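Down below is the structure, laid out as structure tokens.
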């Protein structure tokens, strides 16, 4: 079978299941068309080979065979090197004598391999009619490697997405590199869609406001099946181990099918008759495309019109950062000045009402039963408040106020009863964008991956230049060969670490936070000389970066000895993208060899634990109350607003840091997952975590672990702030109280004081308050704070409030004075 080529030279690798196959060793070049091996999969349904992804850029891929074979429009289902295309000159795919299948860029750099180099037997490469590319032992059915185990953005019938894999969308319709959306199973065994954007990240399916403990009622989802597998069959039925099912609209008909996580963040089932080029959407996860996070970028609104499709519009007073790439969003055309010293907050700002518009998440907090004027005043007092949502809850019968720190995930929804009030300079004059045409259809830059010109690609030369080049090449040839051999010898044993560094480079480019070398951080800390804290995960040092920023550099214990580079980079990515005023900010990381370090902003006032020591400067009651409120807000964001599946698991005073204004920032969230990851049964909670005295009873009695373990630890911390007594050192107790368990001493003591105080109708807070506070405090506020803390440390987890409820209660109490 001969294949026509037009503007590029293309090698098609067709492999016959029964007759013709490739046994090791062999080499296939992107520049040559070897007719003797051009064969398709048996029917033929699929084709494998070098696929053009941009100018002078190729990826080794598998696609549905085209009829006629116009490869530019082929439906690609798998790629080996989607984020590192190879050159159109001297790039090869080789099955080596060692049994390793490798893809080499321009004859020099290995960009991808199957990592099967230690196979002792001869291997064969087969492409099946299922679309599965398989390496197996010659003359045997024993599979050594298969592409079905490493999906990119597509699942084919018979292929499963499992606990250790995930689907990653492409960047755009014609740019096949990794995009912003992920489909994966979380540690609660639930299938989720996750937006991992340039600035922030969040889970958007299932709907974030559906807590995991509600899955069993109404949603049909289950957290108890740890199989973690989802697959689509040939008849159009999708089944997931968490009880999620989806049947295609053409279910029951035997068709060509695929499930793809598209570049717009939606998962769709596609089907078509054999040989028909056009695919039909027969099912999808999200019916409302504007509810997909990040779909229109910051400071913009997504709207949907059945006639024209989805449209992205900048907010009034904002303009596009890149009018060809909607994901970058919009930037303000103004600058608001914030003057905290004045009480006339109306002098610089006014608010524009945007009807039927909502921005999900990124609130300063939830203010219950606030009038419009109260909500407006609250936003004006916050320098970073970009606007607020104000609506009436028919269910609760109260007005709701949500001041916004960022304007993300915006969408216009006809019939939505709430409105966004956008903060703008008082001198500006803008209108509601729903009444004008300020928009852009959400299409991305589809020019594909533009391959940079490489120095090793041969260009046009005249005769004299050619002679000089050959002469120079001859003189330097021996030296180059020697250097190359020495390089191979020195770095062969460190191949895995180089791969980790390569992943780190991709992560740094995708996220925007900095990747440091180990030597840089060693120099910044003066040889790790100034220790400012330590914990189970590692030691924290103070350092000064090359740009003179003071940083806190956490040197983790060597936890990735057994190849945990990918897991570490994934954790660092998640932690680095969290964005909340009460969570510590991450600036960068180091993943070099066995070294794992994380670089954070430095907190001038140290940890809460240091500020509660007897010889430290006393935190007055106002600071302690605000620390409790800010910590609750940060944890509520972790549990509910962004990535609700991230649990801190080690809330204690040492992990609550204080900035120059004594505002709290929760630190070290999620890092316990990095410790001895191979012992965690694939990220499930197979061992107790936390610190003695702050741990919830669930850990001890092996009960299901939820966000309520953080609520319990938070309650202990608040009691420690109020009383000045550590739960691990004990308190003055009666003989009866002393019979309690050690970790319950402080809780039991406070409960008993409260019980006796209520019996005699006296202020029980006076008897538990830290003597260092003296008599200068608000009795009512401290009593509410202590009451909330006691509710958080209830033995039954269902009796504890959520962190958002705690934040709301303290917030209301803060404004009631």
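Residue numbers (mature numbering (1 follows the signal peptide of the UniProt record, and there is no 0)): -23 to -1, 1 to 794. Heads up, the beta-carbon is just placed ideally off N, CA and C, and yes, glycines get one too. All values derive from a computational prediction rather than experimental measurement.
With the rule of 3 Cβ pairs closer than 8 Å, the stretch 275 to 287 does not count as touching the stretch 202 to 212.
With a beta-carbon spacing of about 13 Å, residue 219 and residue 170 fall beyond the 8 Å limit used to define contacts.
Taking C-beta atoms as the reference points, residue 242 and residue 158 count as a pair closer than 7 Å.
Membership of residue 282 in the beta strand (DSSP E) is indicated by the continuous run 277 to 282.
Residue range 598 to 613 is occupied by the alpha helix (DSSP H) that includes residue 604.
Around residue 534, the same chain offers 515 as residues with beta carbons nearer than 6 Å, after the five sequence neighbours per side are excluded. The beta carbon of residue 770 sits closer than 8 Å to those of 689, 692, 693, 696, 724, 777, all from its chain and outside the five residues before and after it, given in chain order. Taking 7 Å as the cut-off, the beta carbon of residue 523 is found no closer than this to the beta carbon of residue 616. When the beta-carbon positions are compared, residue 78 and residue 88 stay at least 7 Å from each other.
Per DSSP, reduced to three states, the secondary structure at residue 758 is helical. For residue 529, the three-state secondary structure derived from DSSP is strand. Boundaries of the alpha helix (DSSP H) harbouring residue 500: 495 to 501, taken from the DSSP string. Between the stretch 572 to 588 and the stretch 636 to 646, the count of C-beta pairs closer than 8 Å reaches three or more; the two stretches touch. When secondary structure is reduced to three states using DSSP, residue 381 falls in the strand class. At the C-beta level, residue 39 and residue 51 stay beyond 7 Å of one another. Boundaries of the alpha helix (DSSP H) harbouring residue 700: 685 to 700, taken from the DSSP string. Under DSSP, residue 402 takes part in a beta bridge, and its partners are 326. Counting along the chain, residue 81 sits inside the beta strand (DSSP E) bounded by residues 78 to 82. With contact defined as three or more Cβ pairs closer than 8 Å, the stretch 750 to 760 and the stretch 670 to 677 are not in contact. Taking each of 504, 595, 394 in turn and checking the Cα distance to residue 332, the smallest one comes out for 394. Straight across, the Cα-Cα distance linking residue 369 with residue 781 is about 19 Å. A contact is defined here as three or more CB-CB pairs under 8 Å, and the stretch 227 to 244 fails this definition with respect to the stretch 346 to 363. A contact is defined here as three or more CB-CB pairs under 8 Å, and the stretch 53 to 65 meets this definition with respect to the stretch 133 to 153.
Under the three-state reduction of DSSP output, residue 313 falls in the coil class, being neither helix nor strand. Taking the CA atoms as reference points, residue 104 sits about 37 Å from residue 178. In this structure, the CA atom of residue 632 is about 20 Å from the CA atom of residue 682. Note: residue 511 is bridge-paired with 516 in the DSSP secondary-structure output. Annotation for residue 123: no alpha helix (DSSP H) segment contains it, though the beta strand (DSSP E) segment containing it runs 120 to 123. Taking one beta carbon from each stretch, the stretch 287 to 303 and the stretch 261 to 273 have 3 or more pairs nearer than 8 Å; the two touch. Counting only residues of its own chain and dropping the five nearest sequence neighbours on each side, residue 578 has a CB closer than 6 Å to the CB of 562. Residue 557 sits in coil when the DSSP states are folded into three classes, being neither helix nor strand. Of the candidates 613, 641, 645, the residue whose Cα lies closest to the Cα of residue 627 is 645. Under DSSP, the beta-bridge partners assigned to residue 222 are 216. In its chain, beyond the 5 residues on either side, 71, 72, 73, 74 have a beta carbon closer than 8 Å to the beta carbon of residue 2. Judged by DSSP in its simplified three-state form, residue 24 adopts strand.
Annotated as distal: residue 294 and residue 138, with beta-carbon spacing of 7 Å or more.
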